[in-house]
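Worksheet: one structure, shown below.
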Amino acid sequence: MLTNAFNTATAGLQTLQVAIGTVSQNVANSGVAGYTRRVVSTESAGPGNSGVAVARIDRTFDEMALKQMRLESAHAAYASAKADILAQIDKLSGKPADSSALDARLNGLAKSLLALASNGASASSRSTVVDAASVLADKIRGMADALQAMRDSTNKRLAAEVSAADGLLTSIADLNIKATTVTDNATRVGILDRRDQQITELARYMEVKSIRQRDGGVTLMTASGLTLVERGAATKLSFIDRSPATGGGAILATLPGGVGLELDASAVSSGSIAANLEIRDAILPRAQRRLDDLAFGLAQAFTNTTVTAGRRGAGFDLRLDDVAQMQPGNTITIAVGSGDTQRTIVLVASNLASKSLDVAQPPGRVQTFAIPPAPVTSQAYAAALSTAISATAPGLTVTSGGSNSITVGGDGIQSVTASVTQPKTAGDLSGGYPKLAVFVDGAANALVNGAMDDGPQRAGLAARLAVNTALKADTSALVAVGSSPSALSRPQALYQALTSEKQGFSSPNGSSNRSPAMTTVISFAQDVVAAAGSEAAASATVADQQNVAKANADAWFSKGASVNIDEEMSRLIALQTAYAANARVLTAAREMIDLLLRA
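The sequence shown begins at 18 in our numbering and counts up one residue at a time.
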């Protein structure tokens, strides 16, 4: 009996030592990130279950709270990254009331033209127009350069995040092996803590699903179902750097078996990696596209004239004298249908053979047509247009309507217009009154006519936009009278080109349209600024809401996993009391044994 008491007390002391050590560890690590509170579970031991032993050391937390915390962490990282970049884009455009905003710079040019219209003889007024145009071109180029810098930095950030995520996957797989092979309870729960902390860190980069296995291992998968970690095997993530022209870089996932998969934003689903993929491949290109669209429309507003075909029976007639002046890049636009069935056919003049163009702007079906060689006849032009339109809209026809007209026919045609660049070169400042090239393409001082022969001139135009050097050298051209009479002076015509003449622009918010949005350059610039502000505000709201959701999820998890010092100290007192009781039993048993031995 004395032996049983001795053994029971000894076992109790050993178990209590582990429990007291665990409480002490909880208190010491109460402020350590990723540490979860431990508790000791006991079991009966010894002959007749007369003793006690440590069964295991468990971590106390809510599994659902942990999963929710990781999910909200991924969503918060995704929303915050988008909100940050959209705020930067909004800052580039400027606030509508700011004098340095994009639309304010354009308004400044319009006002200088209006002032010149009332005082054409003033050299200072002409210089003011050129200066306002230069400030506007600088603003657009600066925005384009900043957008490209954002894209480059996003690409570098993606590379760094993919490398960090790959390191976490490798480490998690290693910890998986340790968690399933270690025998010491205290060591094992420390490994599990480190593994969970690394999975939580990984969740900021990408949304992951965690499946715990019976042996203590964990399987990690993306939301789309790609296995990232299976016990001790991890998928290898690598970033393949590419030139900006091909997308700037790709994420390659190499499975343990050697199969490689390229991941896009939908495969990663959420987290900062998904956000940066979307930023690089969608958000920034959209901002660049609408800036290029504005630069293109601005340049063409001062050089192009729109010719509207007259109705002739069931078709529309274009004058040969008008279309014969078309240059590569000039367009003929055919509106077909109405309402939800409306579509736009765009035929682009080219020096090359007719071909389909896969371009984002202008929206619609786009096909080039070969400009007929001189001498131009209505029959030759009709044949060239017929070849192009048959590939794009087989139901439409183009025929010669006589020696000086071309007829476009077919069911459902609503209108036919042609956009023609009047100056033949950027240096042509007097001809084609009242149009002249105020803005040009790049250092070569090239005319902006929208040519597609060497790739779309519109692409990247914002970064190349400049004021015509010929106009800088001869500002008198701003008020020169050309050979054709006009009711408007040249400054009035240029002012009207900005504020009244409508042309086709893409949607500033990036939505898909069946046809171009017809608006003025001034209105489109205002829409661009407003869209940037609206997107930034909406994204900031989502990010704030998501951060609140993350904070709530963190609090939910912390409630079950964090250490409460008061509770631990109360538990420590109870354990110390039990320890003292077991020690007293052990002392009494020892004293009794001593008495028996002395008897």
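Virtual Cβ for every residue (Gly too), placed ideally from N, Cα, C.
Classification of residue i by the beta-carbon crowding that lies within 10 angstroms, buried from 16 upward
| i | result |
| --- | --- |
| residue 318 | buried |
| residue 96 | buried |
| residue 123 | buried |
| residue 475 | buried |
| residue 580 | buried |
| residue 621 | Residue 621 lies beyond the residue range present for the chain, which begins at 18 and ends at 616; the question has no answer from this structure. |
| residue 81 | exposed |
| residue 57 | buried |
| residue 612 | exposed |
| residue 604 | exposed |
| residue 171 | buried |
| residue 321 | buried |
| residue 278 | exposed |
| residue 440 | buried |
| residue 614 | exposed |
| residue 258 | exposed |
| residue 468 | buried |
| residue 232 | exposed |
| residue 504 | Bear in mind that a pLDDT of 49 at residue 504, under 50, signals an unreliable position, so the model cannot answer this. |
| residue 125 | buried |
| residue 391 | exposed |
| residue 601 | exposed |
| residue 108 | exposed |
| residue 593 | exposed |
| residue 606 | buried |
| residue 357 | exposed |
| residue 167 | buried |
Within 7 Å, strictly: CB atoms of residue i and residue j
| i | j | result |
| --- | --- | --- |
| residue 177 | residue 308 | no |
| residue 363 | residue 350 | yes |
| residue 485 | residue 457 | yes |
| residue 454 | residue 461 | no |
| residue 134 | residue 508 | yes |
| residue 324 | residue 150 | no |
| residue 361 | residue 352 | yes |
| residue 347 | residue 404 | no |
| residue 106 | residue 291 | no |
| residue 224 | residue 397 | no |
| residue 446 | residue 146 | no |
| residue 284 | residue 255 | no |
| residue 243 | residue 212 | no |
| residue 301 | residue 164 | yes |
| residue 412 | residue 426 | no |
| residue 245 | residue 186 | yes |
| residue 239 | residue 87 | no |
| residue 568 | residue 78 | no |
| residue 408 | residue 431 | no |
| residue 342 | residue 466 | no |
| residue 11 | residue 94 | This structure gives no information on residue 11, because the portion of the chain shown stretches from 18 to 616. |
| residue 557 | residue 114 | no |
| residue 210 | residue 51 | yes |
Counterpart residues of residue i in DSSP-defined beta bridges
| i | result |
| --- | --- |
| residue 456 | 484 |
| residue 362 | 351 and 382 |
| residue 387 | 367 |
| residue 253 | 271 |
| residue 520 | 536 |
| residue 111 | For residue 111, which the question treats as bridged, DSSP gives no partner whatsoever. |
| residue 470 | 472 |
| residue 238 | 226 and 244 |
| residue 57 | 74 |
| residue 373 | 384 |
is_contact[residue i, chain B] using C-beta, thresh 7 Å
| i | result |
| --- | --- |
| residue 150 | Looking for chain B here will not work: only one protein chain is present. |
(message) Report the start-end ranges of each beta strand (DSSP E) in the region 398-467 that is 3 residues or longer and not cut off at the edges.
(response) 414-419, 422-426, 430-438 and 456-458
(request) Spell out a yes or no on whether the region 280-299 and the region 140-152 are touching, meaning 3 or more CB-CB pairs, one atom from each, closer than 8 Å. (result) no
(request) Could you pull out every unbroken beta strand (DSSP E) segment of at least 3 residues lying fully inside the region 68-101, listed in chain order? (result) 68-76
(message) Quick test of the definition: if touching needs 3 or more C-beta pairs under 8 Å, does the region 201-208 touch the region 72-86?
(response) yes
(request) Please go through the region 270-351 and give each complete beta strand (DSSP E) segment of 3 or more residues, from N-terminal end onward. (result) 277-280, 321-325, 327-329 and 332-336
(request) Would you check if there are 3 or more beta carbon pairs closer than 8 Å linking the region 322-337 to the region 414-430? (result) yes
(message) Count Cβ pairs between the region 535-550 and the region 110-124 that sit closer than 8 Å; are there 3 or more?
(response) yes
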